[in-house]
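Be aware that the sequence shown starts at 1, since it is given in the UniProt record's numbering, and climbs by one per residue. Using N, Cα and C, we set each Cβ at its ideal position, and we do this for glycine too. Every value quoted in this text rests on a predicted model; they were computed, and no experiment measured them. The next block holds one structure in the form of C-alpha cells; read it before the comments.
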Amino acid sequence: MTAIQPPHPPSLTGLKTDSLLVDRTDAVVTLTLNRPEAMNALDVDLKEALRDTLAAIENDRSVRAVVLAGAGRAFCVGQDLREHARDLDKGATELDTVRQHYNPIAQRLASLPKPVVAAVRGTAAGAGASLALLADFRIGGPRTTFLMAFANVGLAGDTGVSWSLPHLVGRARALELLLLAQPLRAQESYDYGLLTQLLPDDEQVLPAAQELAARLAAGPTVAYAAIKRELSIGTAGSLSDALAAEAQAQAICGATADHKAAVTAFVAKEKPTFGGR
C-alpha cells in the first residue's frame with residue numbers, strides 16, 4: 001500500500017497578494033503587512049496570506065531569518081472591524097477566524113525554526129500587538145504604541161497573547177494591560193519588556209530590524225531553532241522536561257556541520273562561518 005503524503009505547503013514564489021508584501025534579500029525574508037489605508041488591519045485576505053506564507057517559510061531551509069513589518073504609519077491595529085461588523089450583521093458570531101487564521105498564524109510564528117524580528121513602527125493593537133509579541137526580537141521607535149485592545153470591543157485576547165504577554169511582563173502586568181486596555185507608549189513598552197530595542201528615529205526601525213535579521217541569518221540557525229524550542233519547553237514544563245529537551249537539542253546540534261566548523265575555527269583562532277546545516 002502506498003502511503004498518502006501530506007500536501008506540501010506553497011512555495012514563496014507561488015504566494016502573491018497585494019495585502020502582504022514578501023521581499024527577500026539573501027537569506028532574510030521581510031513580510032510587510034500592506035494595508036496602510038486601514039492601518040494594516042487584518043482582513044481575511046491578509047490573514048490567509050500571512051498564514052500560508054509562514055507555512056512556506058517554515059519549510060524553506062534557504063530562509064534563515066524573518067522580518068515582520070507594517071506599511072505606512074502603523075504596524076498593525078488587529079482585526080479589521082469593518083469586515084467583522086459585516087460578518088456580525090450576517091449572524092456570524094462564533095469567531096471562526098480564531099481557529100482558521102489566528103491560531104495557525106500564532107503557532108507558526110512562535111515555533112518558526114528561525115529567528116523572527118518585528119519592526120514595530122507606530123501602533124500595534126489587538127491581534128497586531130499579539131503578532132509582534134510572538135517575534136523573538138521587537139524593535140520600535142518614538143511612535144511605537146502597544147494596545148491590548150481586546151476588552152475595548154468586548155472580547156478576550158487571542159493570537160497567543162495569553163501565552164506571550166505573561167512570559168514577557170508577568171501575570172500581574174499582563175492582567176493590567178489586558179483588562180484596562182490602555183495604550184502603552186514607546187518608553188513604557190521598552191521598560192515593560194515589550195520592546196527589545198527602542199530607537200530614537202522611527203525611520204531607523206525597519207533598517208535596524210533587517211540588519212539584525214541579516215546578522216542572525218549568518219549565524220548557526222540550527223542552534224537558534226533548538227534554543228527556541230528549549231525555551232518553549234523549559235518555561236512551560238518541569239526541570240526534567242527542560243533537561244530532556246536540552247539533551248535532545250545538543251544531540252542534534254552536536255552533529256551539525258556548523259558545530260564542527262565552529263570548533264575547528266576556535267582551535268585555529270579564526271572566525272567561524274555558519275551554513276545553517
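A residue is called buried once 16 or more other Cβ atoms fall within 10 Å of its Cβ, and N59, having fewer, is exposed. Following the DSSP letters along the chain, one finds V169 inside the alpha helix (DSSP H) bounded by residues V161 to V169. Assignment of T53 by DSSP, reduced to helix, strand and coil, places it in the helix class.
Between the beta-carbon of L198 and that of A186 there is about 6 Å, and that keeps the pair under the 8 Å contact cut. The alpha-carbon of R24 is positioned some 6 Å away from that of T30.
Between A65 and the set A151, V222 and L239, the nearest pair of CA atoms involves V222. Residue range F137 to G140 is occupied by the beta strand (DSSP E) that includes G140. Contact between the segment 147-160 and the segment 120-136 is present, with at least three C-beta pairs closer than 8 Å. The beta carbons of L195 and M148 sit no closer together than 8 Å. The three-state secondary structure of G128, taken from DSSP, is helix.
Per the C-alpha coordinates, the member of I105, A71, Q79 and A74 positioned closest to D52 is I105. Distance between F137 and L42, taken at the CA atoms: about 21 Å.
Segment contact: the segment 112-120 against the segment 234-241, fewer than three CB-CB distances shorter than 8 Å; contact not assigned. In this structure, the straight-line span from the alpha carbon of P272 to that of R61 is close to 20 Å.
For A56, the closest alpha carbon among the candidates F150, L109 and N34 is that of L109. Inter-residue distance for G276 and A218 is about 8 Å (C-alpha atoms, whole angstroms). Per DSSP, A214 is not a residue of any beta strand (DSSP E); the alpha helix (DSSP H) it occupies stretches across V205 to A217. Taken through DSSP and simplified to helix, strand or coil, V44 comes out as helix. When rounded, the separation of the alpha-carbon atoms in H259 and I252 is 10 Å.
The beta carbon of A174 sits closer than 6 Å to the beta carbons of L165 and P166 from its chain, once the five residues preceding and following it are set aside; these are given in chain order.
Straight-line spacing of the CA atoms in V44 and T264 works out to 50 Å. T144 carries a coil assignment under DSSP once its states are collapsed to helix, strand and coil.
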